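1 is the number of the first residue of the sequence shown in UniProt numbering; add one for each residue after it.
Single-structure report; data block below.
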Amino acid sequence: MDFSALDKKTSDSFAKQRNMLKKLAKGHTMHCETCKGVLTLNLQTEQPGKGIVRCAKGCTDIVLELA
Ligand SMILES: [Zn+2]
Numbered sequence: 001m002d003f004s005a006l007d008k009k010t011s012d013s014f015a016k017q018r019n020m021l022k023k024l025a026k027g028h029t030m031h032c033e034t035c036k037g038v039l040t041l042n043l044q045t046e047q048p049g050k051g052i053v054r055c056a057k058g059c060t061d062i063v064l065e066l067a
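Set out below in structure tokens:
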């Protein structure tokens, strides 16, 4: 098991999510990588300090830390 590669992949994905959140917060339209549908940011979650980014079909469903 190559842990350095795993760490890199995780941090890449984290950076990507932060970037996605920034764009959505600014009102940019983002699209799902799978179905190309529009992604929506839902801040009305049951978890304080978290938001959910998802597409209409549900193939993208990411919980983001807002803090
Ligand atoms: Zn999708």
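Just so you know, even glycine gets a beta-carbon here, dropped at the ideal spot from N, CA and C.
Remember, it's a predicted structure, so these values are computed and weren't measured experimentally.
Asked	Found
Just curious, the beta strand (DSSP E) that K50 is in, first and last residue?	K50 to C55
Can you give the Cα-Cα distance for K50 and E65, rounded to whole angstroms?	5 Å
Give me the residue from M20, C32, S4 and L41 with the minimum Cα distance to K57.	C32
Name the DSSP bridge partner or partners of T40?	R54
Could you pull the DSSP bridge partners for H31 from this structure?	V38
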